[in-house]
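Chemist: These protein sequences, in sequence, are chains Y and F.
Under numbering that gives the first Met the number 0, the first residue of the first sequence is numbered 0, with each subsequent residue one higher.
Under numbering that gives the first Met the number 0, the first residue of the second sequence is numbered 0, with each subsequent residue one higher.
No residue lacks a Cβ here, since even glycine has one placed at the ideal position from N, Cα and C.
This structure is in structure tokens; I'll ask about it shortly.
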Amino acid sequence: MQRLLDFLYQQREIAVFIGLEILSAWLLINFNNRYNASFLNSSNEAAASITQTSNSISNYFQLSEVNQQLMLENERLQQELRMLRTEPSSYLDTVDQYQVVGARVINNTFERSANFITISAGRNDSIDVGMGVISSFGVVGQVKSVTNNFATIYSILHPKLLVSSKVKRTETKGTVQWEQEEYSRASLKYIPRHIKLKVGDTIVTSGFNSVFPENITIGVVDELNLEEHMTFYEAKVKLATDFTSLYQVFVIKDLLKQEKDSLAIQ
Amino acid sequence: MTRVSIKEQVLNFILLLLVQLPLVHRISLFDKAFGFFYVGFLILLPRTFSRSYLMLIGFFSGLLVDVFTNTPGIHASASVFILFIRNFWLRASNDDSQEITNLNVASLKKMGFLYFIYPLVFVHHFLIFVIENGGFHLFGTVLSKVFFSSLLSTAWIFIINFIITPNRKRS
Numbered sequence: 000m001q002r003l004l005d006f007l008y009q010q011r012e013i014a015v016f017i018g019l020e021i022l023s024a025w026l027l028i029n030f031n032n033r034y035n036a037s038f039l040n041s042s043n044e045a046a047a048s049i050t051q052t053s054n055s056i057s058n059y060f061q062l063s064e065v066n067q068q069l070m071l072e073n074e075r076l077q078q079e080l081r082m083l084r085t086e087p088s089s090y091l092d093t094v095d096q097y098q099v100v101g102a103r104v105i106n107n108t109f110e111r112s113a114n115f116i117t118i119s120a121g122r123n124d125s126i127d128v129g130m131g132v133i134s135s136f137g138v139v140g141q142v143k144s145v146t147n148n149f150a151t152i153y154s155i156l157h158p159k160l161l162v163s164s165k166v167k168r169t170e171t172k173g174t175v176q177w178e179q180e181e182y183s184r185a186s187l188k189y190i191p192r193h194i195k196l197k198v199g200d201t202i203v204t205s206g207f208n209s210v211f212p213e214n215i216t217i218g219v220v221d222e223l224n225l226e227e228h229m230t231f232y233e234a235k236v237k238l239a240t241d242f243t244s245l246y247q248v249f250v251i252k253d254l255l256k257q258e259k260d261s262l263a264i265q
Numbered sequence: 000m001t002r003v004s005i006k007e008q009v010l011n012f013i014l015l016l017l018v019q020l021p022l023v024h025r026i027s028l029f030d031k032a033f034g035f036f037y038v039g040f041l042i043l044l045p046r047t048f049s050r051s052y053l054m055l056i057g058f059f060s061g062l063l064v065d066v067f068t069n070t071p072g073i074h075a076s077a078s079v080f081i082l083f084i085r086n087f088w089l090r091a092s093n094d095d096s097q098e099i100t101n102l103n104v105a106s107l108k109k110m111g112f113l114y115f116i117y118p119l120v121f122v123h124h125f126l127i128f129v130i131e132n133g134g135f136h137l138f139g140t141v142l143s144k145v146f147f148s149s150l151l152s153t154a155w156i157f158i159i160n161f162i163i164t165p166n167r168k169r170s
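Dropping the structure here:
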């Protein structure tokens, strides 16, 4: 009898073990899907405010670098402004279509197999799931989930994020996807072999979906491979955004998104 | 057999688990070593706790870390596994483990302590990086991450435990 009880006692522990592992697996499968509930994310209010506190301490040590970036951006904006003033108003409708919300990065990973960014702007700043995120240098990612004051973002360094893109010089459409290379590069896919792609070509967003506006820099082609039997190029893009020093991002709200999407359904 | 030292557990909880949360992405050496040293808190829970109880603590601690890393389930499953095998390993790695209640640098001796925690930390990190990677591709990169990260975590756990463990001998 004693033996039997001992045996059952042993089994009980194993049952707890298996139960907890199944629960973990369920969480892993369910919550790693795209766009999901936010309480198990880093944009969870409690978790995000802890991260924000620790971030605001470390921010003091990065001030000079942030200043440098802001100066560079100011320069670029000044230049663009001058261009806009000289050019006729063909730009205007795209300017009206997009609304830009600035946000501070409070958490950012880039060395993991799937990377996320947490920012300190959320539903209160009219940020919503699925919006595109850029930095002053180029594409950053897409909003995964939001709470009132924070949002979690799929970094472009996440293998599930596909960015519709085009070669700026030839207007060829393709897709940029990170295939777990090092954090400064991603793969450019579906560029057909009859296009004369070159190392050094700039890759920008295509504007075909309502996530990113057209012509936002993604990166520059820095490695090309085309063999006899291949239909598409095998190309690597050096990303324009430096994920190791990302402090400020801009969330892009497409005011015509609903209209565009409803057309796509019809 | 001595009583469970509450003070030691509370210090472990604060210095290993709570400190980890805001730091979970901030500690990285050469883009290779990450250090999930919260596992030290789990490994060093008192030997006398029942295994089911240990696994439940492990699950919720893991889940707490998961919230900060956006990886629900990964840290939780690895932590549960570690606590499932911990007592076997303690018995196998230490001859007089039955007399020890509080696991720390003093009770396990320095080398014994490292010999006890390093393999567990390694297995824990191995599980995390492999699950996160979603399989065995790029296995070399994953393995080097596991190796360096587990060294970093072990060093951190050792140092913290060395500081908080009182000097006089006790078990």
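In terms of residues, what are the limits of the alpha helix (DSSP H) holding residue 184 of chain Y?
Modeler: Residue 184 of chain Y sits at position 185 when you count from the first residue of the first sequence. Counting along the chain, residue 184 of chain Y falls outside any alpha helix (DSSP H), though it belongs to the beta strand (DSSP E) covering 184–188.
Chemist: State buried or exposed for residue 155 of chain F, treating a residue as buried only when at least 16 other CB atoms are found within 10 Å of its CB.
Modeler: Locating residue 155 of chain F in the second sequence gives position 156, counting from the first residue. Counting Cβ neighbours within 10 Å, residue 155 of chain F comes out buried, since at least 16 surround it.
Chemist: Do residue 75 of chain F and residue 55 of chain F have their C-beta atoms closer together than 8 Å?
Modeler: Residue numbering aside, residue 75 of chain F sits at position 76 when the second sequence is read from its first letter. Residue numbering aside, residue 55 of chain F sits at position 56 when the second sequence is read from its first letter. Contact: no.
Chemist: I want to verify the contact list: residues of chain Y whose CB lies under 8 Å from the CB of residue 89 of chain F, in sequence order.
Modeler: Residue 89 of chain F sits at position 90 when you count from the first residue of the second sequence. By Cβ distance, chain Y contributes nothing, its closest Cβ being about 15 Å from residue 89 of chain F, past 8 Å.
Chemist: Nearest by alpha-carbon distance to residue 295 of chain Y: which of Y:171, Y:242, Y:121 is it?
Modeler: It is not possible to answer for residue 295 of chain Y, since the shown part of chain Y is limited to 0 through 265.
Chemist: Indicate the three-state DSSP secondary structure (helix, strand or coil) for residue 106 of chain Y in the structure shown.
Modeler: Walking along the first sequence from the start, residue 106 of chain Y turns up at place 107. Three-state result, residue 106 of chain Y: strand.
Chemist: For the alpha helix (DSSP H) holding residue 105 of chain F, just list the boundary residues, first then last.
Modeler: Here residue 105 of chain F refers to the residue found at position 106 of the second sequence. First-last of the alpha helix (DSSP H) with residue 105 of chain F: 104–107.
Chemist: Let me know the alpha helix (DSSP H) ranges lying completely inside the region 82–156 of chain F, each 4 residues or longer, listed in chain order.
Modeler: 104–107, 109–132
Chemist: Three or more beta-carbon pairs under 8 Å between the region 124–141 of chain F and the region 75–92 of chain F, yes or no?
Modeler: yes
Chemist: Would DSSP call residue 215 of chain Y helix, strand or coil?
Modeler: Position 216 of the first sequence holds residue 215 of chain Y. DSSP places residue 215 of chain Y in coil when its eight states are reduced to three.
Chemist: Could you tell me which residues DSSP puts in a beta bridge with residue 165 of chain Y?
Modeler: Along the first sequence, one-based indexing puts residue 165 of chain Y at 166. DSSP lists Y:172, Y:203 as partners of residue 165 of chain Y.
Chemist: Which of the three DSSP states, helix, strand or coil, is assigned to residue 159 of chain F?
Modeler: The residue given as residue 159 of chain F occupies position 160 in the second sequence. Note: residue 159 of chain F maps to helix in three-state DSSP.
Chemist: Return the Cβ separation of residue 210 of chain Y and residue 141 of chain Y in integer angstroms, given the expectation that the two are a contact with Cβ distance under 8 Å.
Modeler: Translated into the one-based positions of the first sequence, residue 210 of chain Y becomes position 211. Translated into the one-based positions of the first sequence, residue 141 of chain Y becomes position 142. Sure, about 6 Å apart at Cβ, within 8 Å.
Chemist: I'd like to know whether the C-beta of residue 111 of chain Y is nearer than 8 Å to at least one C-beta of chain F.
Modeler: As a position in the first sequence, residue 111 of chain Y is number 112, starting the count at 1. Yes, residue 111 of chain Y counts as interfacial toward chain F.
Chemist: Please decide whether residue 113 of chain F counts as near chain Y, where near means a Cβ-Cβ distance under 8 Å.
Modeler: Taking the first residue of the second sequence as position 1, residue 113 of chain F is located at position 114. Closer than 8 Å: no.
Chemist: Could you check what DSSP says for residue 61 of chain F in three-state terms: helix, strand or coil?
Modeler: Numbered from its first residue, the second sequence carries residue 61 of chain F at position 62. In this structure, residue 61 of chain F counts as helix in the three-state DSSP scheme.
Chemist: If you measure between the beta carbons of residue 44 of chain Y and residue 146 of chain Y, is that distance less than 8 Å?
Modeler: Sequence index remark: in the first sequence, residue 44 of chain Y carries index 45 (1-based). Sequence index remark: in the first sequence, residue 146 of chain Y carries index 147 (1-based). It is a contact, given that the beta carbons lie within the stated cut-off.
Chemist: Mind checking if residue 15 of chain F is an interface residue toward chain Y, Cβ cutoff 8 Å exclusive?
Modeler: Position 16 of the second sequence holds residue 15 of chain F. No - not a single Cβ of chain Y is within 8 Å of the one on residue 15 of chain F.
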